[in-house]
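Numbered by mature numbering (1 follows the signal peptide of the UniProt record, and there is no 0), the letters in the sequence shown go through residues -30 to -1, 1 to 107 in order. Inspection log for the structure reproduced underneath, given as C-alpha cells.
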Amino acid sequence: MNKKRRLLSIVTVASLVAGIGEVASPQAQAVTFHSCKEAWNQGYGDIRVGEDGYSRHLDRDGDGIACEISKSNGQYKPRAQHTQHAQNGWVKSGDAWYYYKNGSAVRNAWAGNYWLGLDGRMVTNSWVDNNRYYVGS
C-alpha cells in the first residue's frame, strides 16, 4: 500500500510540474488573425508557413505565404516599432525594405534610386513610375 501511495504522489507531482510548464509556454501567446486586413493593420505581412500569424485560411492562393503585402492595396502598415527606430532612413522588415521620412513610410515615390510601391515596400524587378523606369534587384 505504501508503494502505491508513493507512486501516486510521484505521478501527481510530475503532472503538476508538466502543467505549470504549459502555462508559461510562449506558444500559448501565438499571434493569430481573423483576416489579412487585421494582420496588415498590425504590421504583419508576407507571413510564411511556420511563422506567427500564418494560417491556411489567410493564404488565399495556397503558396505558403499569407497576407501578401503586394496584395494589400495600401492597407499594410509597418509595425510601430520600426518607426520608433527610424524616423528617417531605411528599415528592413522580413525580406522587404521600407524608407521612412519624418517617421512615416514613403509610398509610391522615389527614395534615391529606389522606387517605393503603394504599400511602402521597395520595388524590385518591375516597371515603375507609370511604366517609365525599370528597377532591377
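Don't be surprised by glycine CBs; every beta carbon is placed ideally from N, CA and C.
Taking residue i as the reference, which of the options has the closest Cα?
{"i": "residue 123", "options": "D33, S5 and S25", "result": "In the structure displayed, the chain extends from -30 to 107; residue 123 sits before or after that span and is not available."}
{"i": "V76", "options": "G64, S96 and W60", "result": "W60"}
{"i": "Y103", "options": "Y14, C37, W67 and N83", "result": "N83"}
Given a threshold of 16 other Cβ atoms within 10 Å of its Cβ, counted over all protein chains shown, does residue i qualify as buried or as exposed?
{"i": "G23", "result": "buried"}
{"i": "S96", "result": "exposed"}
{"i": "S63", "result": "buried"}
{"i": "E38", "result": "buried"}
{"i": "S42", "result": "buried"}
{"i": "A79", "result": "exposed"}
{"i": "N100", "result": "exposed"}
Short of 6 Å in beta carbon distance, which residues of its chain neighbour residue i, apart from the five on each side in sequence? Order them along the chain.
{"i": "G87", "result": "V93"}
{"i": "G90", "result": "Y68, A75 and R77"}
{"i": "Y14", "result": "G23"}
{"i": "I17", "result": "G23, Y24, A36 and C37"}
{"i": "V1", "result": "D22 and G23"}
Three-state secondary structure (DSSP) at residue i?
{"i": "R26", "result": "helix"}
{"i": "residue 121", "result": "Because the chain here runs from -30 to 107, residue 121 falls outside it and cannot be looked at."}
{"i": "D99", "result": "coil"}
{"i": "K41", "result": "helix"}
{"i": "K7", "result": "helix"}
{"i": "G59", "result": "strand"}
{"i": "Y69", "result": "strand"}
Which residues in the same chain have their Cβ closer than 7 Å to the Cβ of residue i, if we skip the five residues on either side of it in sequence?
{"i": "K71", "result": "N58"}
Can you find the residues in the same chain that come closer than 8 Å, C-beta to C-beta, to residue i, ignoring five residues on each side of it along the sequence?
{"i": "W10", "result": "C37, I39, S42, Q45, Y46 and K47"}
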